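First to last, the sequence lines map onto chains X and F.
Every number in this note's numbering is 699 more than the matching position in the first sequence, counting from 1.
Every number in this note's numbering is 39 more than the matching position in the second sequence, counting from 1.
Where a beta carbon is used, it is the ideal one built from N, C-alpha and C, also for glycine.
Computed from a predicted model, the values in this text were never measured in an experiment.
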Amino acid sequence: MRRFLTLVGREVGGSFHQPMAWIVLFFFLLITGFNFHAGVSLLNGSAGTTTMVEAFFNTIYFWFPFLLVFPLITMRVFAEEAKMGTIEMLMTAPVRDIQVVLAKYVGAYIFYIILWLPSLLYFVVFQIVSDVSAAGAVGSYLGAYAMLLLLGLFYCGIGCLASALTDNQIVAAVIAFAGILFMFFLGLLSLVLPGAGPFVRDLTYYFSPVQHMMDFSRGLIDSRPVVLYLSASGLLLFATFQVFQYRRWKS
Amino acid sequence: MIKVEQLTKSYGATLAVDAIDFDVKKGEIVGFLGPNGAGKSTTMKMLAGYLPPTSGRAEVAGYDVFRQSLRAREHIGYLPENVPLYPDMRVREFLRYRAALKGVPGRRMNERLSDVIELCGLMDVHRTVIGRLSKGYRQRVGLADAMVHEPDLLILDEPTIGLDPNQIRQVRDLIRNLKRHHTILLSTHILPEVEMLCSRVIIINRGKIEALDTPQNLRAKLGSSGHILLDAKVSDPRAAAGELRKVAGVEAVSIRADGDWTIFTIHAAAGADPREALFAHAAGKSWPVRELSRSAVSLEQVFAEVTHAEEA
Chain X
700 MRRFLTLVGR
710 EVGGSFHQPM
720 AWIVLFFFLL
730 ITGFNFHAGV
740 SLLNGSAGTT
750 TMVEAFFNTI
760 YFWFPFLLVF
770 PLITMRVFAE
780 EAKMGTIEML
790 MTAPVRDIQV
800 VLAKYVGAYI
810 FYIILWLPSL
820 LYFVVFQIVS
830 DVSAAGAVGS
840 YLGAYAMLLL
850 LGLFYCGIGC
860 LASALTDNQI
870 VAAVIAFAGI
880 LFMFFLGLLS
890 LVLPGAGPFV
900 RDLTYYFSPV
910 QHMMDFSRGL
920 IDSRPVVLYL
930 SASGLLLFAT
940 FQVFQYRRWK
950 S
Chain F
40 MIKVEQLTKS
50 YGATLAVDAI
60 DFDVKKGEIV
70 GFLGPNGAGK
80 STTMKMLAGY
90 LPPTSGRAEV
100 AGYDVFRQSL
110 RAREHIGYLP
120 ENVPLYPDMR
130 VREFLRYRAA
140 LKGVPGRRMN
150 ERLSDVIELC
160 GLMDVHRTVI
170 GRLSKGYRQR
180 VGLADAMVHE
190 PDLLILDEPT
200 IGLDPNQIRQ
210 VRDLIRNLKR
220 HHTILLSTHI
230 LPEVEMLCSR
240 VIIINRGKIE
250 ALDTPQNLRA
260 KLGSSGHILL
270 DAKVSDPRAA
280 AGELRKVAGV
290 EAVSIRADGD
300 WTIFTIHAAA
310 GADPREALFA
320 HAAGKSWPVR
330 ELSRSAVSLE
340 QVFAEVTHAE
350 EA
């Protein structure tokens with residue numbers, strides 16, 4: 700366990716040693732800040748029942764940086780070590796392969812969580828300043844952030860798998876982005892195929908992160924997406940572990 | 040400490056290491072010698088638990104390197120050939136991370152860090168970011184990393200490659216100091232280094248072990264065919280060479296002029312040492328002599344002979 704924590708510490712610390720982390724953090728906060736501002740403007744001009752949480756988590760300004768940030772977080776995790784050769788030093792220390800893979804995954808995930816921490820502050824400030832509840836009920840918060848964490852697990856998994864596949868960070872980022880976009884647009888299939896029947900619509904609903912986020916940010920907690928994202932993340936981690944071992948043992 | 044049996048590694052159709060066997064006892068410094076691509080690094084990577092072998096087995100400190108890899112790795116300090124380090128970390132921070140990873144307990148951490156930092160001469164740079172260090176310092180950080188957990192066995196893959204002569208000397212001194220506490224397997228293609236440091240030499244070429252002995256024995260095996268250098272002032276070099284050829288134990292003589300002086304290169308017959316006879320001859324003729332010496336066979340020649348025989 701101590702070794703695992705040491706590895707995770709290195710992953711998180713190492714990512715902050717790189718300018719990339721700060722650039723990502725800067726632009727991410729810029730865009731989410733703008734997104735929040737846009738949400739407030741929207742609420743000012745309407746008399747509907749939309750809450751601040753709903754307005755924040757269901758716009759293009761939310762999804763754009765959200766999808767873009769995963770390849771940037773995960774592209775270096777395996778590819779960089781493979782390229783620099785430090786993987787040789789790492790794997791001749793008494794650590795298990797599974798510890799390394801898990802630590803890298805958890806490290807990327809922690810960075811992702813750190814990205815979202817400031818957003819909590821937005822809602823607190825909103826509530827203090829406007830004296831209006833940012834969410835209809837506490838379930839909205841929980842739902843929205845639970846979905847944020849679940850999607851994070853899933854997309855970090857895609858990113859880590861992509862990074863394990865190659866020595867080249869750019870290639871890793873492109874593969875990750877392609878995978879994430881594919882999964883994202885799979886959920887929007889019914890919009891692209893207007894002629895599709897209710898079967899396709901129902902089916903794509905199961906895959907649609909937009910739909911899931913919409914439900915969860917209203918406080919509608921559904922167990923099906925939870926199972927989907929947890930099991931898919933598990934599968935991706937398993938695949939990453941297999942790829943990591945395969946590449947190590949055949950080298 | 041190390042026991043290797045029929046260890047084989049092939050990359051596709053290429054055989055990098057071909058069924059090698061050897062043992063290393065506790066406290067030895069063994070030099071692994073061979074031209075580039077001979078299989079040194081591959082063997083070391085397998086011993087360090089990084090590469091799986093195609094067949095055969097290896098044991099370190101009583102643990103099978105492949106079946107009990109984690110236990111074996113705890114006893115090994117490994118310095119890879121190109122010394123990969125995290126360039127974004129500071130020296131002490133890096134060593135602390137590596138020590139924790141290798142299971143150095145918290146209460147001994149600072150003591151171990153101070154020890155290796157002092158031993159490897161990193162006092163001046165222990166707060167410097169690794170990416171800014173010179174090659175020599177990086178090499179020493181790699182060494183410090185290899186021994187931070189007090190391993191029984193150090194596997195050093197070309198520890199002096201790419202260093203300037205001063206740094207090479209420092210690293211060699213360091214290795215020599217280490218032999219009191221560690222068994223060391225080091226690879227190199229610098230032959231004098233092996234003669235200076237190692238108690239035994241393994242010469243490997245094309246994945247096979249060509250020779251395995253002490254440097255002295257290896258030299259002795261070929262020592263009989265050494266040649267003798269006589270540097271004297273003679274009036275007629277050709278005639279003098281003819282006379283020397285008749286001295287007992289001399290097989291051939293070649294001459295080379297050096298101003299007034301003549302340098303005779305004398306090939307002795309196998310097992311013979313005609314130096315005394317040569318001196319007597321020169322003294323009898325009253326030749327002024329400024330050098331009479333027998334060139335020791337260097338490992339370089341042993342190496343050339345061993346690896347050349349393979350090619351022929």
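Is residue i buried or exposed, if buried means 16 or more other CB atoms sit within 10 Å of its CB?
i: I797 (chain X); result: exposed
i: V811 (chain X); result: Inspection of the sequence shows that residue 811 (chain X) is occupied by Tyr rather than by Val. Under this definition Y811 (chain X) is a buried residue.
i: I242 (chain F); result: buried
i: A351 (chain F); result: Caution is warranted here: a pLDDT of 42 is assigned to A351 (chain F), below 50, making its placement in the model unreliable, and the coordinate value is therefore given only provisionally. Burial call: exposed.
i: L890 (chain X); result: exposed
i: Q717 (chain X); result: exposed
i: V32 (chain F); result: Nothing about residue 32 (chain F) can be read from this structure; chain F reaches only from 40 to 351.
i: P313 (chain F); result: buried
i: Y905 (chain X); result: exposed
i: V210 (chain F); result: buried
i: A185 (chain F); result: buried
i: L704 (chain X); result: exposed
i: I869 (chain X); result: exposed
i: E349 (chain F); result: Residue confidence for E349 (chain F) is low, a pLDDT of 49 falling below 50, so the modelled location carries little weight; the figure read from the coordinates is stated next. Result: exposed.
i: M162 (chain F); result: exposed
i: L283 (chain F); result: buried
i: D196 (chain F); result: buried
i: Q178 (chain F); result: buried
i: G738 (chain X); result: buried
i: R112 (chain F); result: buried
i: I827 (chain X); result: exposed
i: M751 (chain X); result: buried
i: M40 (chain F); result: buried
i: P254 (chain F); result: buried
i: P28 (chain F); result: The shown model of chain F, from 40 to 351, leaves out residue 28 (chain F), and the question about it has no answer.
Between residue i and residue j, how many whole angstroms is the CB-CB distance? I'm expecting something under 8 Å.
i: G838 (chain X); j: G918 (chain X); result: 3 Å
i: A871 (chain X); j: M774 (chain X); result: 4 Å
i: F303 (chain F); j: A287 (chain F); result: F303 (chain F) to A287 (chain F), Cβ: 16 Å. No contact.
i: M719 (chain X); j: L801 (chain X); result: That belief does not hold up - the Cβ atoms of M719 (chain X) and L801 (chain X) are roughly 22 Å apart, past 8 Å.
i: M83 (chain F); j: S226 (chain F); result: 6 Å
i: F756 (chain X); j: A843 (chain X); result: 5 Å
i: A938 (chain X); j: L860 (chain X); result: 6 Å
i: T785 (chain X); j: Y125 (chain F); result: 6 Å
i: T222 (chain F); j: D191 (chain F); result: 6 Å
i: A307 (chain F); j: E290 (chain F); result: 6 Å
i: V130 (chain F); j: H188 (chain F); result: That belief does not hold up - the Cβ atoms of V130 (chain F) and H188 (chain F) are roughly 17 Å apart, past 8 Å.
i: M788 (chain X); j: P123 (chain F); result: 5 Å
i: A781 (chain X); j: D866 (chain X); result: 4 Å
i: L887 (chain X); j: V873 (chain X); result: Not really, about 21 Å apart at Cβ, beyond 8 Å.
Listing by chain order, which chain X residues have their CB less than 7 Å from the CB of residue i?
i: K141 (chain F); result: A792, P793
i: D127 (chain F); result: G713, H716, Q717
i: L257 (chain F); result: None at all; the shortest Cβ gap to chain X is about 30 Å.
i: E113 (chain F); result: P793
Under 8 Å between beta-carbons, which chain X residues line up against residue i? List them in chain order, please.
i: P204 (chain F); result: Residues of chain X passing the Cβ test: none, with the nearest at roughly 26 Å.
i: L46 (chain F); result: Result: empty, since nearest Cβ-Cβ is about 16 Å, beyond 8 Å.
For residue i, return the contacting residues in chain F, with the cut-off set at a CB-CB distance below 7 Å.
i: R709 (chain X); result: Y136
i: E787 (chain X); result: Y89, P119, P123
i: M783 (chain X); result: P123
i: T705 (chain X); result: Y136, A139, L140
For a contact meaning CB atoms closer than 9 Å, what does residue i contact in chain F?
i: R775 (chain X); result: Here the premise fails: no neighbours, minimum Cβ distance about 11 Å.
i: W948 (chain X); result: L90, P91
So with CB distances below 8 Å, who are the chain F contacts of residue i?
i: R702 (chain X); result: A139, L140, G142
Which chain X residues sit within Cβ distance under 9 Å of residue i?
i: L109 (chain F); result: P793, V794, R795
### Start-end ranges of the beta strand (DSSP E) lying completely within the segment 67 to 151 of chain F, minimum 3 residues
68 to 72, 94 to 99, 115 to 118
Positions along the segment 227 to 251 of chain F whose CB lies within less than 7 Å of some CB in chain X:
none
Practice problem: With 9 Å as the limit, tell me which residues of the segment 73 to 91 of chain F have their beta carbon closer than that to any beta carbon of chain X; keep them in chain order. | Solution: K84, A87, G88, Y89, L90, P91
Could you run through the segment 883 to 904 of chain X and flag, in chain order, every residue whose CB is less than 8 Å away from some CB of chain F? none
Which ranges would you report for the beta strand (DSSP E) in the segment 739 to 785 of chain X if only whole runs of at least 3 residues count?
-> none
_Ignoring anything shorter than 4 residues, give me the alpha helix (DSSP H) runs that lie fully in the segment 301 to 344 of chain F, in order along the chain._
314 to 323
Give, in chain order, every unbroken run of the alpha helix (DSSP H) that is at least 4 residues long and sits entirely within the segment 198 to 283 of chain F. 204 to 217, 230 to 236, 254 to 262
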